[in-house]
Amino acid sequence: MSKIENYLESLFSLRGKVILLTGAAGGIGQAFARGLAAAGGTVAMCDIDKKRCEEIAQELESKGMSAKPYELDVSNLTSIKKCVDTVLADHEIIDVLINCAGINKREGILDVAEETYDRIMNINLKGAFLLSQEVAKHMITRKQGNIINIGSYNDEGMMGGCSVYGAAKSGLRALTRSMAVEWAKHGIRANALSPGHIITPLTTVTWEHPTRSKYLEERIAMKRPGTPEELVGICIMLASDASSYMTGQAYHVDGGYSCGGNPWDFDTNY
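Residue numbers (our numbering): 470 to 739.
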């Protein structure tokens, strides 16, 4: 390897790190699993859809990468404890926890039923809270750890029909700061990665909508949705030692949406 390759590997390699990834069967989760494994990580792929995780893990293993599927319902504390115990039994350590599991239902505030509110909150916020508790107990014994919470544009800005989702993601961003403050003394870092409008099977309906897609294109500086693969680079960076002095922050990857989107008309020669 060249000096450049050696240097980059020393910064960003995940070799030797065990990564517990939730929501691993989803569009963004799958991209993370592939990217983290390609960077040398051992990925514990956790999802309620274990069958899909098994398929992806087999694909990665066939390419010489390290991944293993686990069943996890983040809305169930018994499932959380069992999953963490199983991952630790298999790998002995958890270096990185990525809370990626999440759901949404787009409807107005007055249309939200209590069961919908509870389900979104239980998966997007409460589940991440309880899972982080379980994993942090292990990390504290090792005096080191790294937690990455997957937020959203909606943890800062808001759109119609996303009230509960936005509240949950805003709470997750606040929880990230609490983790960073309380657990720094134990060698644990916590950051949030907040995607903008990413094209996945769950968001295709939005991008195919005649008015919502136009609304977004007018407000994204790059005038297009992102792809899950465009989140992988910063995920690897946050999971690696390259981010060793970064904690308590939310990093938005949104094509320029939160910075103001497209400008109004202005005088220019270009």
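Glycine residues also receive a C-beta, built at the ideal position from the N, C-alpha and C atoms.
Classified as buried, His721 has 16 or more neighbouring CB atoms from the shown chains inside 10 Å of its CB. For secondary structure counted as the beta strand (DSSP E) over 3 or more consecutive residues, the segment 574-635 holds these complete runs in sequence order: 614-619. Listed as beta-bridge partners of Glu540 by DSSP are Asp516.
The beta carbon of Arg693 sits closer than 8 Å to those of Glu686 and Gly724, all from its chain and outside the five residues before and after it, given in chain order.
Beta-bridge annotation (DSSP): Pro664 is paired with Val722.
Within 10 angstroms of the beta-carbon of Trp652 lie 16 or more other beta-carbons, which makes it buried.
By the neighbour-count definition (other C-beta atoms within 10 Å, threshold 16), Gln499 is a buried residue. Listed in chain order, the non-local C-beta contacts of Thr675 below 6 Å within the same chain comprise Arg681, local neighbours out to five positions each way being set aside.
Annotation: the continuous alpha helix (DSSP H) that includes Ile473 extends over Lys472 to Phe481. In this structure, the alpha-carbon of Asn731 lies about 5 Å from that of Ala690. Short of 8 Å from the beta carbon of Ile497, and not among the five residues preceding or following it, lie these beta carbons of its own chain, in chain order: Cys569, Ile619, Pro664, Ile667, Thr669, Pro697 and Leu700. Under the three-state reduction of DSSP, Gly717 is assigned to coil, being neither helix nor strand. Per DSSP, the unbroken alpha helix (DSSP H) holding Leu546 starts and ends at Leu546 to His560. With distances taken between CA atoms, Leu483 lies nearest to Leu707 out of Leu707, Thr491 and Leu599.
Inclusion of Val487 and Ile563 in the CB contact set at 8 Å is warranted, their separation being smaller than that value.
Between the segment 502-517 and the segment 552-560, the count of C-beta pairs closer than 8 Å reaches three or more; the two stretches touch. Closest by C-alpha distance to Leu546, out of Met534, Gly571, Tyr726 and Leu599, is Leu599. Annotation: Tyr476 to Val565 spans about 22 Å, alpha carbon to alpha carbon. Ser727 is the residue among Ser727, Leu489, Thr737 and Lys520 whose C-alpha sits nearest the C-alpha of Met627.
For the pair of segments examined, the segment 515-533 was found not to touch the segment 576-584: the number of CB pairs separated by less than 8 Å stays below three. Rounded to whole angstroms, the Cβ separation of Ile609 and Asn660 is 18 Å, and the two are not in contact under 8 Å. Inter-residue distance for Ser471 and Phe481 is about 15 Å (C-alpha atoms, whole angstroms).
Between Ile567 and Leu490, the gap from beta carbon to beta carbon is short of 8 Å. Between Arg503 and Asn738, the alpha-carbon positions lie close to 44 Å from each other. Short of 6 Å from the beta carbon of Ala711, and not among the five residues preceding or following it, lie these beta carbons of its own chain, in chain order: Leu480 and Phe481. Cβ-Cβ distances below 7 Å link Ala508 to Phe481, Ser482, Leu483 and Ile705 in the same chain, with the five nearest sequence neighbours on each side left out; the list follows chain order.
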